[in-house]
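S.K.: Numbering (the working numbering), first residue to last: 211 to 596. Below you'll find the structure I mean.
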Amino acid sequence: MNSLVLESLNGILEDKSVSSQDIMEIYSNALCDPGELFLTSQILRKRFKGNFVTFSKKAFFNIANLCRDTCSYCTYKSEPGDDKLSLMSKQQVSELVTLAKQYGCIEALFVTGEVPEQKYNKARDWLRQNGFESTAEYLVYCSEIALESGLFPHTNAGNLSYDDMKELQKTNVSMGVMLENISDRLTEKGMPHHMAPSKRPHARLAVLENAGRLKIPMTTGILLGIGETVHEVIDSLFAIKKLHQKYGNIQEIILQNFQPKPDTAMHDVSPADERYFKIIVAISRLIMPQMNIQIPPNLSPESYQDFLSVGINDWGGISPLTPDFVNPEFSWPAIDAVNEHSKNAGFVLQCRFPVYPEYFGMVNPELQDKMAAIADDKLVGEKYWR
Ligand code: SF4
211 MNSLVLESLN
221 GILEDKSVSS
231 QDIMEIYSNA
241 LCDPGELFLT
251 SQILRKRFKG
261 NFVTFSKKAF
271 FNIANLCRDT
281 CSYCTYKSEP
291 GDDKLSLMSK
301 QQVSELVTLA
311 KQYGCIEALF
321 VTGEVPEQKY
331 NKARDWLRQN
341 GFESTAEYLV
351 YCSEIALESG
361 LFPHTNAGNL
371 SYDDMKELQK
381 TNVSMGVMLE
391 NISDRLTEKG
401 MPHHMAPSKR
411 PHARLAVLEN
421 AGRLKIPMTT
431 GILLGIGETV
441 HEVIDSLFAI
451 KKLHQKYGNI
461 QEIILQNFQP
471 KPDTAMHDVS
481 PADERYFKII
491 VAISRLIMPQ
501 MNIQIPPNLS
511 PESYQDFLSV
521 GINDWGGISP
531 LTPDFVNPEF
541 SWPAIDAVNE
551 HSKNAGFVLQ
561 CRFPVYPEYF
571 GMVNPELQDK
581 MAAIADDKLV
591 GEKYWR
């Protein structure tokens, strides 16, 4: 083990600040021997998150999967006439809300493509038929319906404007937008975000800045394995850290491993390498020791439990009811199985709200009262989700 690396790891444990150069050295060293890195991330994880691992019991509302943009890896986006086209009507939303309640879901995850109405007549007609001018306006309505029935909304609809987020903040306990990566290189010709203006780093950062100004508990994250360099990943993590230092509202980071989809331009690109993925998870814990760090268990179906030993403390949203429309080939594991795997690894599984306990104070007081009615120490009371 390189003595400088050891010194950096010890420094992190003593709460000293760490530079991106230090992290790069730790990464390079871990390629040969990740043992010390994993040990350090485990110590930090235990120090700040104890022996708990959380998840959110959700229903995935695929509100509108038409999208103005095109990312080379995306199978979520549809075109008019596709079998997978989803433009949920008010009635479909209400029906799914009812079903989600029957299944004991807590979170209503509302997802759309990027401003569908900007590109598609079909989307404009759908909005008009339902009585709305914009997707964002419709999302406000859907959030109200969900909230009235006792579900807690979390919206991920791409680059929402400041005003739209301000409106949604009244009903959403948190919101999400993936940074994906801070690198402009990934938007160049031939790269995955070339045809996706909303994924320009400055555009994503602007949305995250607005969420910070509005004090919205925000989920963001990075997509790994799409052609990025390690430097770009490290820069992305430091960019998120900087935002959080400025506004204090980044409630969690999702680290998502790329999985190729047959109907996309990147169908023949290999999935993110698992060793690389684990090392990135561990260095994320080093860069932000107190952050909530999540990997989606369905994207590592054979090995997700192994990630508990490299620094994660959350499994994200798991649905007993609806598919993962972003990764439809990967079904959610059963909550009982996740519970069992977590227990076998020495962790207690807890169900959280779409907002983490430490961010409750940022949420509209009326929503806080609604959560308090079913909460046990700011987590979902066991009888409401088991
Ligand atoms: S990843 Fe999001 S922005 Fe990119 S094409 Fe898919 S839906 Fe659109």
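From the three backbone atoms N, C-alpha and C, an ideal C-beta is built for every residue, glycine too.
1) Any chance the CB of Asp279 is under 8 Å from a heavy atom of the ligand SF4?
2) Quick check on DSSP: helix, strand or coil for Lys268?
3) Measure the alpha-carbon distance for Cys277 versus Ser213 and round it to whole angstroms.
4) Who pairs with Val321 in a beta bridge, going by DSSP?
5) Straight-line CA distance for His404 to Lys287?
6) Would you mind sorting Thr250 into buried or exposed? The rule is 16 or more other CB atoms within 10 Å of its CB.
7) I need the DSSP call for Trp542, collapsed to helix, strand or coil.
8) Nearest CA to the CA of Asn459: which residue from Leu589, Met572, Ala310?
9) Beta strand (DSSP E) containing Asp524: first to last residue?
10) DSSP has Asn467 in a bridge; who is on the other side?
11) Of all the options Glu327, Ala482, Gln302, which has the alpha carbon lying nearest to the alpha carbon of Asp279?
12) Is it right to say Val558 is buried, meaning 16 or more other beta carbons lie within 10 angstroms of its own, or is it exposed?
13) Going by the CB atoms, is the gap between Ala367 and Val321 shorter than 9 Å?
14) Is Cys561 helix, strand or coil when you go by DSSP?
15) Taking the straight line between their C-alpha atoms, what separation do you get for Leu577 and Gly400?
16) Can you find a heavy atom of the ligand SF4 that lies under 8 Å from the Cβ of Lys332?
17) Rounded to a whole number of angstroms, what is the C-alpha to C-alpha distance between Leu424 and Ile233?
18) Suppose contacts are defined by Cβ-Cβ distances below 9 Å. Is Leu378 in contact with Leu415 by that definition?
19) With distances taken between CB atoms, is the gap from Leu598 to Ile426 smaller than 9 Å?
20) Throw me the rounded Cβ distance for the Gln466 and Thr264 pair, which I believe falls under 8 Å.
21) Looking at the C-beta of Ile528, does it have a partner C-beta in chain B at a distance below 9 Å?
22) Looking only at DSSP bridge pairs, what is Leu589 linked to?
23) Which runs of the alpha helix (DSSP H), 4 residues or longer, sit entirely within the stretch 286 to 333?
24) Beta-carbon separation of Met498 and Ile450 under 9 Å?
25) Between which two residues does the beta strand (DSSP E) carrying Gly386 extend?
26) If you compare alpha carbons, which of Asp534, Thr308, Ser384 is closest to Cys284?
27) Would you list the one or two residues that DSSP bridges to Val491?
28) DSSP three-state label for Gln231, please.
29) Should Gly526 go down as buried or exposed, given a rule of 16 or more other Cβ atoms within 10 Å for buried?
30) Name the DSSP beta bridge partners of Ile392, please?
31) Keeping to the same chain, check which residues put their C-beta closer than 7 Å to that of Ala482; ignore five residues upstream and five downstream.
32) Might you give, ordered along the chain, the residues of its own chain that have their beta carbon closer than 8 Å to the beta carbon of Lys376, omitting 5 neighbours on each side?
33) Beta carbon of Asn275: closer than 8 Å to some heavy atom of the ligand SF4?
34) If you draw a straight line from the C-alpha of Ile222 to the C-alpha of Ile545, how long is it?
35) So, Ser266 versus Pro507, is the Cβ gap smaller than 9 Å?
M.R.: The short version:
1) yes
2) strand
3) 50 Å
4) Asn272, Asn366
5) 16 Å
6) buried
7) coil
8) Met572
9) 524 to 528
10) Leu434
11) Glu327
12) exposed
13) yes
14) strand
15) 44 Å
16) no
17) 31 Å
18) no
19) Any answer about residue 598 is impossible in this case: the structure gives the chain only from 211 up to 596.
20) Actually they are not in contact, since the Cβ atoms of Gln466 and Thr264 sit about 17 Å apart, beyond 8 Å.
21) Structure shown: chain B not included; a single protein chain is present.
22) Asp586
23) 300 to 312
24) yes
25) 384 to 386
26) Asp534
27) For Val491, which the question treats as bridged, DSSP gives no partner whatsoever.
28) helix
29) buried
30) Paired residue(s): none; Ile392 is not in a bridge.
31) Leu434, Gly435, Asn467, Phe468
32) Leu424
33) yes
34) 34 Å
35) no
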